[in-house]
Amino acid sequence: MIKRALALTVALLLVWMMFDMLINWNAPKDLSGVAREYVEKEPHQLGAVNVVTAIVVTYRGFDTLGEVTVLFLAATGVAVLLSRRKKEPKPGKKKYRPASEFLNTGTHLLSPFIVMFGAYIFLNGHLSPGGGFQGGAVIASGVLFLFLVFPNFKLNHLALNWLESTAGASYVLVGILGLLLAAGFLDNRFLPLGHYGALLSAGAIPVIYTFIGLKVGTELSGILENLKN
Amino acid sequence: MKLMIGFAIIIMGVGIWGLLTRRNLIKIVLSLSIAETGLQVLMISIGYIKGRTAPILDSVVGITDAVHKVVDPVPQALVLTAIVIGVAVDALMLSYVIRLFAKKKSLDISDYRDMKW
Amino acid sequence: MTEILLILLGIGMVGAAIMAVHLKNLVAAAVAGGIVSLFASVVYVVLAAPDVAMTEAAIGAGLSTAIFLYAIKKTREQEVEHD
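Going line by line, the protein sequences match chains A, B and C. Numbering of the first sequence is given in the numbering used here, commencing with residue 1251 and proceeding in unit increments. Numbering of the second sequence is given in the numbering used here, commencing with residue 27 and proceeding in unit increments. Numbering of the third sequence is given in the numbering used here, commencing with residue 102 and proceeding in unit increments.
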């Protein structure tokens, strides 16, 4: 009882602290400082229509590189923690209840299009909402559909690992090319900026987001497969 | 957007309360992910400016006057990365839970006292 | 108009969060956690953040719920085996 009251006090203290901040908070009327710079100069500097993409890939590219590293480490951790259990004897191949007619037909019909839509999202990341992370997650949800319908479905680990490590290495390589040929690490301007608003524009941003999309898609699929088995 | 900040703070409070009082390991991870969602809504609400549109400078918004027409893009970029890291950390915590369960066949946190000082 | 929509979504989110913390049934709690993320993605669309809304809908509401359900299934399946 005392523990519960203590927990309630801590939670209420946190809420009270933040409400105090909320009462004294004034809604911004205009963009401030760095955001203003980004929105004003981004179209001329980098040529991406979607400002969020430009910030994620280029202005704060180091942040994204660190994030991809965290994602990779988490996926590796999941694989290490859950793969040891395979040594324990398994009572043969488990019998699963077959998936319902709707799920079965829907998956056969839709899963290629879901993967294609994921690729569309990360190729158009600099033009429309979306990008590598969203596209990778959509590809992983296509793989999740396959797992739901075919419970004994196995991913090709060799191809998956190869794709993942190649995408990660190419991402860093593109960053180093930016360092050598343009202004700094992960600079996208070593490729021509092209026509503002075209599919092949904004320098290296579509290339970087394609690598991020492949890497995120394969990693999330790997996490799902490890948790499934 | 003060209204949404208020709701986000309440959701964070609910998540923290669940984190401190629940005894089931999976519930603890779920409470943490709910507190995280509250934090993300809070950050997006701070970046919102009333009457403005998304920071995508297509032909409707136009490049020249964009500064007075779009919301703050920086919190959006931060939240984008936070969500992806969040799900990866959730998966890592849940695989720890599965390993712990394989050891002691229990999801109750009070059964794991041997690592407590 | 947007204020009314946001109030409804906020009440839904708080309700789903309380359900996720309090429900005894783990599967129902995980689904309630997914509903919090789903409403959050609608809130992001209203607050002019379509990029974040896509991420939240695909990852928070989709993959995260699936990961929780897989973990619940694994911990339950073994309990039955060893009883």
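Each residue gets a CB set at the ideal place from its N, CA and C atoms; glycine is no exception.
Fill in: Neighbour-count burial assignment, residue 43 (chain B), 16 or more Cβ in a 10 Å radius
Translated into the one-based positions of the second sequence, residue 43 (chain B) becomes position 17. Its Cβ being crowded by 16 or more others within 10 Å, residue 43 (chain B) is buried.
Worksheet entry | Segment contact flag, the stretch 1448-1456 of chain A with the stretch 1295-1315 of chain A, C-beta cutoff 8 Å, min 3 pairs | yes
Practice prompt. Could you give the DSSP three-state label for residue 82 (chain B): helix, strand or coil?
Written response: Counted from its first residue, the second sequence places residue 82 (chain B) at position 56. Here residue 82 (chain B) sits in strand by DSSP.
Practice prompt. Closer than 7 Å by beta-carbon distance: list the chain A residues that pair up with residue 98 (chain B), in chain order.
Written response: The residue you call residue 98 (chain B) lines up with position 72 of the second sequence. What residue 98 (chain B) touches in chain A: 1281 and 1285.
Worksheet item: Along chain B, in chain order, which residues have C-beta atoms closer than 7 Å to that of residue 175 (chain C)?
Response: Here residue 175 (chain C) is taken as the residue at index 74 of the third sequence, counted from 1. The answer, in chain order, is 124.
Item to complete: Indicate whether residue 1481 (chain A) and residue 1367 (chain A) have their beta-carbon atoms separated by less than 8 Å.
Response: This structure does not reach residue 1481 (chain A), given that chain A is present from 1251 up to 1479, and the question cannot be answered.
Item to complete: State yes or no: is the beta carbon of residue 1374 (chain A) nearer than 8 Å to at least one beta carbon in chain B?
Response: Residue numbering aside, residue 1374 (chain A) sits at position 124 when the first sequence is read from its first letter. Output row for residue 1374 (chain A): interface = no.
Practice prompt. Examine chain B for any beta-carbon lying closer than 8 Å to the beta-carbon of residue 132 (chain C), and answer yes or no.
Written response: As a position in the third sequence, residue 132 (chain C) is number 31, starting the count at 1. It does not: the Cβ of residue 132 (chain C) has no partner Cβ on chain B nearer than 8 Å.
Fill in: Backbone secondary structure at residue 97 (chain B) - three-state DSSP
Here residue 97 (chain B) corresponds to residue number 71 of the second sequence, with the count starting at 1. Note: residue 97 (chain B) maps to coil in three-state DSSP.
Discussion item. Beta carbons nearer than 7 Å to chain C: which residues of the stretch 1383-1412 of chain A have them?
Written reply: 1383, 1384, 1387, 1388, 1390, 1391 and 1394
Worksheet item: Do residue 35 (chain B) and residue 63 (chain B) have their CB atoms nearer than 8 Å?
Response: For the purposes of this step, residue 35 (chain B) is taken as the residue at position 9 of the second sequence. For the purposes of this step, residue 63 (chain B) is taken as the residue at position 37 of the second sequence. Not closer than 8 Å, so no.
Discussion item. Residues of chain C with CB closer than 8 Å to the CB of residue 1554 (chain A), please, in chain order.
Written reply: The structure shown has nothing for residue 1554 (chain A), since chain A only spans 1251 to 1479.
Item to complete: Give a yes or no on whether 8 Å exceeds the smallest Cβ distance from residue 1227 (chain A) to chain B.
Response: The requested residue 1227 (chain A) does not occur in the structure, where chain A is confined to residues 1251 to 1479.
Worksheet item: Among B:77, B:56 and B:47, which one has its Cα closest to the Cα of residue 104 (chain C)?
Response: Residue mapping note: residue 104 (chain C) aligns to position 3 of the third sequence, counting from 1. Comparing Cα positions, the closest option is B:77.
Item to complete: Could you list which residues in chain B have their beta carbon closer than 7 Å to that of residue 1310 (chain A), in chain order?
Response: Start at 1 with the first residue of the first sequence, and residue 1310 (chain A) comes out as number 60. Within chain B, the residues near residue 1310 (chain A) are 103.
Practice prompt. Please decide whether residue 156 (chain C) counts as near chain B, where near means a Cβ-Cβ distance under 8 Å.
Written response: For this step, residue 156 (chain C) is matched to residue 55 along the third sequence. For residue 156 (chain C), the answer is yes, since a Cβ of chain B falls inside 8 Å of its Cβ.
Item to complete: Between the Cα of residue 1476 (chain A) and those of A:1447, A:1393, A:1260 and A:1352, spot the shortest distance and give me the residue it belongs to.
Response: For this step, residue 1476 (chain A) is matched to residue 226 along the first sequence. The candidate whose alpha carbon is nearest that of residue 1476 (chain A) is A:1393.
Worksheet entry | Residue ranges of each alpha helix (DSSP H) within the stretch 1352-1386 of chain A, 4 or longer | none
Worksheet item: To which residues does DSSP link residue 134 (chain B) through a beta bridge?
Response: As a working mapping, residue 134 (chain B) is identified with position 108 in the second sequence. Looking at the DSSP assignment, residue 134 (chain B) forms a beta bridge with B:50.
Practice prompt. Give the secondary structure of residue 1274 (chain A) by DSSP, where H, G and I count as helix, E and B as strand, and everything else as coil.
Written response: Reading the first sequence from its first residue, position 24 is the one you call residue 1274 (chain A). In this structure, residue 1274 (chain A) counts as coil in the three-state DSSP scheme.
Practice prompt. State the CB to CB distance for the pair residue 31 (chain B) and residue 1278 (chain A), rounded to an integer number of angstroms; the pair is presumed to be in contact (CB under 8 Å).
Written response: Here residue 31 (chain B) is taken as the residue at index 5 of the second sequence, counted from 1. Here residue 1278 (chain A) is taken as the residue at index 28 of the first sequence, counted from 1. With a Cβ gap of about 12 Å, residue 31 (chain B) and residue 1278 (chain A) do not count as contacting.
Discussion item. Taking beta-carbon pairs under 7 Å, can you tell me which members of the stretch 137-168 of chain C lie near chain A?
Written reply: 151, 152, 155, 156, 159, 160, 163, 164, 167 and 168
Worksheet item: What residues from chain A crowd round residue 15 (chain B), counting only those whose CB sits closer than 8 Å?
Response: With chain B represented from 27 up to 143, any question about residue 15 (chain B) goes unanswered, as that position is not in the structure.
Discussion item. Please list the terminal residues of the continuous alpha helix (DSSP H) segment that includes residue 1330 (chain A).
Written reply: One-based indexing of the first sequence puts residue 1330 (chain A) at position 80. Counting along the chain, the alpha helix (DSSP H) containing residue 1330 (chain A) begins and ends at 1311-1333.
Practice prompt. Output yes if chain A places a C-beta closer than 8 Å to the C-beta of residue 35 (chain B); else output no.
Written response: What you label residue 35 (chain B) is simply residue 9 of the second sequence in a count that begins at 1. Yes, because at least one Cβ of chain A sits closer than 8 Å to the Cβ of residue 35 (chain B).
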